[in-house]
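Engineer: Protein chains in written order, with my numbering: chain Y, 978 to 1496; chain X, 8 to 521. Think of the CB as a built atom: it goes at the ideal place given N, C-alpha and C, for glycine as much as any other residue. Take this structure, written in structure tokens, and hold onto it; I'll ask about it next.
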Amino acid sequence: MMGLPAATQGLFPVPQLEYQNLAPVLIVLAAALLGVLVEAFLPRTARFRAQLVVTFGGLLIALAALFFAGNTDGVIAEGAIAWDGPARFLQGLILVLSFVAFLLFTDRKIDPGRDAFAPRVSAVPGSAEEQSLTEKLVQQTEVYPLALFSVSGMLLFPAANDLLMMFVALEVLSLPLYLLAGMARRRRLLSQEAALKYFLLGAYSSAFFLFGSAMIYGYANSLRFSEIAAATSSQSASEGLLLVGIGLISVGLLFKIGAAPFHEWTPDVYQGAPTVITAFMAATTKVAAFGALVRIFYVAFGPVREQWLPLISVISAVTMLVGVIFALTQREMKRMLAYSSIAHAGFLLTGVVALSQKGVSAILFYLVAYGFATIGAFGIVTLVRDGAGEASDLSAWAGLGKRSPGVAALFSLFLLSMAGIPLTAGFPAKFAVFSAAAASGASWLVIVGVIASAIAGFFYVRIIVLMFFTDPQDDNTTVAIPSLATAISLAVCAGVTIVLGVLPQIGLEVADRASLFIR
Amino acid sequence: MKNVPWLLIAGLVPLVGTALIAVVPRKSWVRGIALGTSLVTLAVVIAMATQFQIGGPDKFQFVTTYSWIPAFGVSFTLGVDGIGLVLVALAACLVPVVLIASWRDVEPPGSIKSYFGLMLVLQSMIIWVFSALDVFLFYLLFEAMLIPAYLLIGRFGGAQRSYAAMKFLLYSLFGGLIMLAALIGLYVASQTLLGNGTFDFQTLSSLQINTGLQNWLFLGFFLAFAIKAPLWPLHTWLPDAASEATPGTAVLLVALMDKVGTFGMIRYCLQLFPDASRTFAFTICILAVVSIVYGALVAIGQTDIMRLISYTSVSHFGFIIIGIFAFTTQGQTGSVFYMVAHGFSTAALFLIAGVMMARGKSRNIADYGGVFKVAPLLAGFVLIAGLSGLALPGMASFPGEFLVLVGSFLRYPVLAIIATVAIVLSAVYILWLYQRVATGEPRGVVTEKFGDLRGREVWVFVPIVAVMIALGVYPQAVTRVIEPAVQSTLDRIGAVNPEPTALKPAASTKETTP
């Protein structure tokens, strides 16, 4: 253990683990491993049902375990993991969001090829092998264990209390996502390109994170957040190492949340990945990564805020503006939603800049509002189709409100929430982050945020106008009838969006109580 | 009767009506339900008004509070002072008339449910926006109103409706978001001053926010209200929106929703930011005078009836705004009175124009002529509505315009004199309109088949004209209700009516010279 003097390190001590608190993570990991066994030993026909039981059962048990794990804050697992309000809140949120997103995975009614995933990822796009697999309606189910592995990493990421654990969690959550991004049944080349891009850039940013951790270790002689904080407030020597370390770690984390100027991967990956995977990762990765980002900046680098606050403020402003301005010019629905998620990363960063407990609770609430609206919006995208798969070009959405008023209204609801229109969850969320930032004196950032919101309002409303007030351009577009699971998933997202919009107090109170980091 | 939540009920009745309209199986019942609900709302508001104590001990009456988002210090609080009351009453009076006038705008196979349902939703929001005593609630309704209004313009209107609705939405959304920034600033200011952030209007209106911050917050709120009102140079959305909308929607838009802008200036700009209001008053008065003269001049040049009426409103809103920022009892009382009077006279103008356009199928003034020969009753109402618009003595607008001019003359004589020129201009645009449309031989789209007003249409205009004449003859009925609220607003700003000194020396010199 790093902090201990050399004399006591003669023996390798048995680490003391609080299994009760670690249970959610362990259960999800166990379910993932079980899923691998299912893939290996069960006949192809039985796998789908078995995977459903393992996946959803695992998530539910993990949620129950989280519920019964206790509310006493503390640093657990020999200091590697923090068990505090934000960690518990975000773990719960990630589990619920994953559950809702996985419901979308199971849909076998929308696509004539039965589901959204390629029959065999290794098959060369357009080859005879792929052709025959498609004709035989071969399904693969390895997406479930892969996604579960990713979820276990996400659960650890916002709870990690030292840089090494954080790095491990980062890798565990990222590696399966790289694979998942390449699994789209339709537009295989685009999907594989997305996976490769995501992998290369992701690996690059992980290297930055690791390099930064090394610098911080050189500076603080520890990887533990509390000890980094203590080192920053006591010593003044070799500040260069600290600054370089903060910078490099920021690059790694800002890449994950998709903040400018590290956002370039987002539209390509969101567009190329199977839409249900996009729904999953757009929502949960952002939740996990923001949890980690906020923890590291508040707990480890809190004492040297004057060093990084200006940088993060500027990045927040740039991210908001880049997100909304590029979203304006998009002609493709998934790319537009990708840029909108970049803008949301910017809005969330204003809460980080607030650097107060109010800021943390605002971020937590915002993540809830954002997560459900995002899954809902991408879920709707899977339904609107033309001959070649999803009709993602904006023109195909024209006049949708006349043919399927229900679907169009639901999509409008999610867009309005993202735009932050009152009486949807997005409004109190935006209000909370902006007021927290303003209370900490970042008024200029709030003004930029409000201007960005105005621009954002324009492109969200434009889609609604397109759906309701424009005549359809071609008749190829159809709206698929979803399976029950997809319908439930969309209903949950809509329900949360409306309830938290009309009665935000419920969510705000929980977020408020969960907003204190243990140090 | 003291604890009846009048305002809550008044806003809920239209919502219940909307719900009924949504579930009712036959489209032919929709209009009846809509009219019935709006009459019930009117009855509720009249019953409430009889309970109102003029100059009572409480500044705000009929106050009801429900906890809503304690985390942000937000509550669902409703209550009115005299100004709020007359505007709520205006909304309750105009909507039934608008519904009758819009009877044939959409016929049963069309989206009749959405048309009348949206109108009722809009009425409910308007009633609550005038009675919100929580700044957050006000902002919420101020923004939420845009949705039904946008849909009413964008779905049921002229050929350019989509463009007009978008322009309206973008302008309003922009203003609203700037106001949101100011709202957050206000919340943070209350946090630092009180320790606990709040949006309660009565608490906020007794805060002493430092002057520098006040200026910024004032500008944030004022910009949103100036777009809504609309004040030159932020008025360009109005002629498009009002001319592309159906006449009924145009009335809701110009006669009611735009009043939220001027109402907001009195309620929020002046009372939350008194120092800043004094700082900016003169600049705003200059803009208002530009609005008055510009609106009138441009109205003269219009070839489209609806656009002409819209520009007259730009001019009239200028009067209302200069009256508010002159900080005199007469000026502000006049402004509020004018808000009510303008509501009725603009409604009359838009609706009578709508009746004419329903027959002639054209908005172009040049297509009409000699209406008086074929439809004397219609032409007569055009003249009456027009005369009320140009503030003829005896009509409702006259006391309003007169009080505004007197009130602003005391503070800014030169501006008031320039504003008075607009009275002449208003006679030009109204009388010239009447001359082109109604006099001479029938021509253009005016033929024998044109037809005079029929039963339903007469019932649209009789009540409006009756109210206009009643208010013109006995303005006291309304000014009495307004005055205590105006006085307390002026006390908050610390404004005292200036003595009319300009006349005294002149009078005394006359006496001394033999």
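What does Glu1486 (chain Y) reach in chain X if we use C-beta pairs closer than 7 Å?
Structural biologist: Correct list: Ala78.
Engineer: Kindly indicate which residue of X:Gly387, X:Leu417, X:Ala348 has the alpha-carbon position closest to the one of Val480 (chain X).
Structural biologist: X:Ala348
Engineer: Using only the alpha-carbon positions, how far apart do Pro470 (chain X) and Thr269 (chain X) sit?
Structural biologist: 25 Å
Engineer: Fully enclosed by the stretch 1345-1413 of chain Y, which beta strand (DSSP E) runs are 3 residues long or longer?
Structural biologist: 1361-1363
Engineer: Since Ile329 (chain X) and Ala426 (chain X) should fall inside the 8 Å C-beta cutoff, what is the C-beta to C-beta distance between them, to a whole number of angstroms?
Structural biologist: 6 Å
Engineer: My output table needs one value for Glu1241 (chain Y): the three-state DSSP class, helix, strand or coil.
Structural biologist: coil
Engineer: Give the interface partners of Leu1400 (chain Y) over in chain X, defined as CB-CB distance under 8 Å, in chain order.
Structural biologist: Leu147, Ala151
Engineer: Going by C-alpha to C-alpha distance, which of X:Ile437, X:Arg487, X:Gly387 sits closest to Gln60 (chain X)?
Structural biologist: X:Arg487
Engineer: For chain X, find out if any of its Cβ atoms is closer than 8 Å to the Cβ of Asp1489 (chain Y); answer yes or no.
Structural biologist: yes
Engineer: Under 8 Å, Cβ to Cβ, is there at least one residue of chain X near Ala1431 (chain Y)?
Structural biologist: yes
Engineer: Mapping the DSSP letters down to three states, classify Asp460 (chain X) as helix, strand or coil.
Structural biologist: The sequence shown places Leu at residue 460 (chain X), rather than the Asp named in the question. Under the three-state reduction of DSSP output, Leu460 (chain X) falls in the coil class, being neither helix nor strand.
Engineer: For Phe1411 (chain Y), go through chain X and note every residue whose CB falls closer than 9 Å to its CB, in chain order.
Structural biologist: Under the 9 Å cutoff, chain X gives Leu187, Ala188, Ile191.
Engineer: Between the C-alpha atoms of Val1487 (chain Y) and Gly1397 (chain Y), what's the straight-line distance to the nearest angstrom?
Structural biologist: 21 Å
Engineer: Which word fits Gly1034 (chain Y), buried or exposed, when buried means at least 16 other C-beta atoms lie within 10 angstroms of its C-beta?
Structural biologist: exposed
Engineer: Give me whichever residues DSSP pairs with Ile1058 (chain Y) in a beta bridge.
Structural biologist: Y:Ile1053, Y:Ala1137
Engineer: What runs of the beta strand (DSSP E), each 3 residues or longer, lie entirely inside the stretch 1004-1089 of chain Y?
Structural biologist: 1051-1053, 1058-1060
Engineer: DSSP three-state call for Asn998 (chain Y): helix, strand or coil?
Structural biologist: Taken through DSSP and simplified to helix, strand or coil, Asn998 (chain Y) comes out as helix.
Engineer: Restricting to Cα atoms, I'd like to know which of X:Leu187, X:Arg285, X:Pro254, X:Leu238 is closest to Val300 (chain X).
Structural biologist: Looking at the Cα atoms, X:Leu238 is the closest of the given residues.
Engineer: Please check if any C-beta of chain X sits within less than 8 Å of the C-beta of Ser1075 (chain Y).
Structural biologist: no
Engineer: Using a Cβ cut-off of 8 Å, which residues of the stretch 1335-1347 of chain Y contact any Cβ in chain X, in chain order?
Structural biologist: Residues: none.
Engineer: For the alpha helix (DSSP H) holding Thr1463 (chain Y), just list the boundary residues, first then last.
Structural biologist: 1461-1479
Engineer: According to DSSP, simplified to helix, strand and coil, what is Tyr1194 (chain Y)?
Structural biologist: Three-state result, Tyr1194 (chain Y): helix.
Engineer: So which of X:Leu224, X:Asp65, X:Tyr194, X:Leu211 has the shortest CA-CA distance to Gly204 (chain X)?
Structural biologist: That would be X:Tyr194, whose Cα lies nearest to the Cα of Gly204 (chain X).
Engineer: Closest Cβ-Cβ distance between Tyr345 (chain X) and chain Y: below 8 Å?
Structural biologist: no
Engineer: Excluding the 5 residues flanking Gly165 (chain X) on each side, which residues of the same chain have their C-beta closer than 6 Å to its C-beta?
Structural biologist: Glu251
Engineer: Does the beta-carbon of Ser320 (chain X) have 16 or more other beta-carbons within 10 angstroms, so that it is buried, or is it exposed?
Structural biologist: buried
Engineer: Less than 8 Å between CB atoms is the rule here; does Ala514 (chain X) satisfy it with respect to chain Y?
Structural biologist: Confidence is the limiting factor: at Ala514 (chain X) the pLDDT is only 45, short of 50, which leaves the residue's position unreliable, though a coordinate-based value still follows. Not one chain Y Cβ lies under 8 Å of Ala514 (chain X).
Engineer: Helix, strand or coil, according to DSSP, for Ser74 (chain X) in the structure here?
Structural biologist: strand
Engineer: Ends of the beta strand (DSSP E) at Ser82 (chain X)?
Structural biologist: 81-87
Engineer: Could you tell me whether any Cβ in chain X is nearer than 8 Å to the Cβ of Met979 (chain Y)?
Structural biologist: Low confidence applies to Met979 (chain Y): its pLDDT is 48, below 50, so where it sits in the model is not reliable, and the reading given next is rough at best. Chain X has no Cβ within less than 8 Å of the Cβ of Met979 (chain Y).
Engineer: Measuring straight from C-alpha to C-alpha, what distance separates Ala1095 (chain Y) and Leu1177 (chain Y)?
Structural biologist: If I take the Cα positions, the gap works out to 22 Å.
Engineer: Quick check on Ala513 (chain X): does DSSP put it in helix, strand or coil?
Structural biologist: Reliability of the predicted coordinates at Ala513 (chain X) is poor, the pLDDT of 47 falling under 50, and no value is obtained from them.
Engineer: Within 10 Å of its beta-carbon, does Leu1006 (chain Y) have 16 or more other beta-carbons around it, so buried, or fewer, so exposed?
Structural biologist: buried
Engineer: Terminal residues of the continuous alpha helix (DSSP H) containing Tyr194 (chain X)?
Structural biologist: 168-201
Engineer: Report the residues of the stretch 404-427 of chain X with a CB closer than 9 Å to any CB of chain Y, ordered along the chain.
Structural biologist: So the list is empty, because no residue satisfies the distance condition.
Engineer: Is Ile1424 (chain Y) close to chain X, meaning its C-beta is less than 8 Å from at least one C-beta of that chain?
Structural biologist: yes
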